[in-house]
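There are 2 protein chains.
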Amino acid sequence: MSIEKLIAYFDRYIPLNKKEKEEIVSLFFENNIKRKGFILQENEVCKHHTFVVSGLLKMYAVDRSGTKHNIQFASEEEWINDMGSFHLENPSRLYIEAIESSVILQIKKTDLIYLFTHYRKFNIDFRVIIENKFMEMQNRLLQNLIYTGEERYLLFLRQYPTLSNRLPNTQIASYLGITPEFLSKIRHSLSKK
Amino acid sequence: MSIEKLIAYFDRYIPLNKKEKEEIVSLFFENNIKRKGFILQENEVCKHHTFVVSGLLKMYAVDRSGTKHNIQFASEEEWINDMGSFHLENPSRLYIEAIESSVILQIKKTDLIYLFTHYRKFNIDFRVIIENKFMEMQNRLLQNLIYTGEERYLLFLRQYPTLSNRLPNTQIASYLGITPEFLSKIRHSLSKK
DNA sequence: CGAAAATTTGACATGACTCAACTGGAGTGG
DNA sequence: CCACTCCAGTTGAGTCATGTCAAATTTTCG
């Protein structure tokens, strides 16, 4: 069962007692998303927080000219949602789409808040999760400011070797903030070294 | 007294009782930072979380060629630290420097953790603070991916009108991820409209 | 007042984008 | 399981946004 993966995940950081495990089982629900399926689209309110059991999702924004910009990927044991829309309950400007067919576990906002108010543990755990995401985001911003496309590509390969293999280059380019054509040229010039 | 500003700040979001106020008074300590003074430099571990009572600070990274890249500003009623270094206790790669002479209140990591473990309130409050910072950071990343320098400059003026007036253009350019020269050209071309 | 920093300006260089055309391989329906 | 479509990847020519460097000018703060 997928829910056991989530329990094992929590258990690793904040050992859970029986009652807490039961809460998890009753509050999270499972979903299967096919390749190219969406769990969030522009103008919807992001109503759930999502834990990825297996598969791979991407979150992206679409600009005026229709170009997609990947903000985040989420694979096994990672969390994803549009935090802005989730907390403020306003329409999202983002999409969350499955790159591979995926199994996910979701929780409604009210239920997550229930967990936060009744169990200090979860509050701490989610604070730490988000602190980590914040640092990752800050690093990425810095890398975008400091490094060229080629350097960012090499850093990405080093930092996410597994992901690199699962992702088409188009998706990597969109994440790095360059065009697929330019990434192709980067790869060509790297191969000559 | 500065500490009252901090108490008023907390009080606004999470009303505090007498005991909690006393904890705040005893755990935070005041510091005066002169213009161009540092509260964090590269290779130091970031040992404190900092609340700005008055003044203005910036956090930045320095790249290979010596160029500074502003990551964040913090003025009245805002928090600043290098979260990575603070939590993992490893040497920071960032600087935090006063742009204006500032009055700040600081708390040691161990004391902050004491607050987190003994008062659910603070845990929730800091989770919300960081969620907001995360969203801000994500927005900024997106803006950097989607918009040109000129567009980002106009967005900055609109989003932070007060800050824009207090900051030299050099600092704004560094935050936007463009050179001061290029910002100057942008301003010139805007003035002709 | 005087030094240091900020701003401006111009000539030139380059990283990265756009558009269009071509190729090859992967997924899908019959 | 084959044929077909379609999408990812590649390549090249031309262009644009932004950077670099250097020098002159103005502003700011101690």
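In order, the protein sequence lines correspond to chains A and B.
Quick note: to get my numbering, add 44 to the position in the first sequence (first position is 1).
Quick note: to get my numbering, add 44 to the position in the second sequence (first position is 1).
In this text, a Cβ means the ideal position worked out from N, Cα and C, and glycines have one as well.
All values derive from a computational prediction rather than experimental measurement.
- Within chain B, the C-beta atoms nearer than 7 Å to that of GLU175/A come from MET127, HIS131 and ILE174, in chain order.
- Within the same chain, and ignoring the five residues on either side of SER146/B in sequence, the residues whose Cβ sits closer than 8 Å to its Cβ are ASN76, ILE77, VAL96, VAL97, SER98, GLY99, LEU100 and LEU101.
- Residues of the same chain with a CB within less than 8 Å of the CB of LEU201/A, apart from the 5 flanking positions on each side, are SER208 in chain order.
- Collapsing the DSSP output to three states places ILE190/A in a helix.
- Contacts with chain B at 9 Å (Cβ-Cβ) do not include GLY110/A.
- For PHE82/A, the pairing in a beta bridge is given by DSSP as GLU141/A.
- At a cut-off of 3 residues, not a single continuous stretch assigned as beta strand (DSSP E) sits fully inside the segment 145-221 of chain A.
- The beta carbon of PHE166/A lies closer than 7 Å to those of LEU159 and PHE160 in the same chain, with the five residues before and after it left out.
- Contacts between ASP107/B and chain A, judged by CB atoms closer than 7 Å, involve ILE190 in chain order.
- One thing to note: LEU156/A has its Cβ no nearer than 9 Å to the Cβ of ASP126/A.
- DSSP places GLY99/B inside the beta strand (DSSP E), whose first and last residues are 92-106.
- Of ARG56/A, SER136/A and LEU149/A, the smallest CA-CA separation from VAL69/A is found for LEU149/A.
- The beta carbon of GLN182/A falls within 9 Å of a beta carbon belonging to chain B, placing the residue at that interface.
- In chain order, LEU189 make up the part of chain B whose C-beta sits under 7 Å from the C-beta of GLY221/A.
- By the neighbour-count definition (other C-beta atoms within 10 Å, threshold 16), TYR57/A is an exposed residue.
- Against chain B, the beta carbon of ASN167/A has neighbours under 8 Å at ARG164, ASN167, ILE168 and ARG171, listed in chain order.
- A residue is called buried when at least 16 other Cβ atoms come within 10 angstroms of its Cβ; GLN203/A does not meet this threshold and is exposed.
- For LEU185/A, the residues of chain B that pass the 8 Å Cβ criterion are ILE115, MET181, ARG184, LEU185 and ASN188, in the order they occur in the chain.
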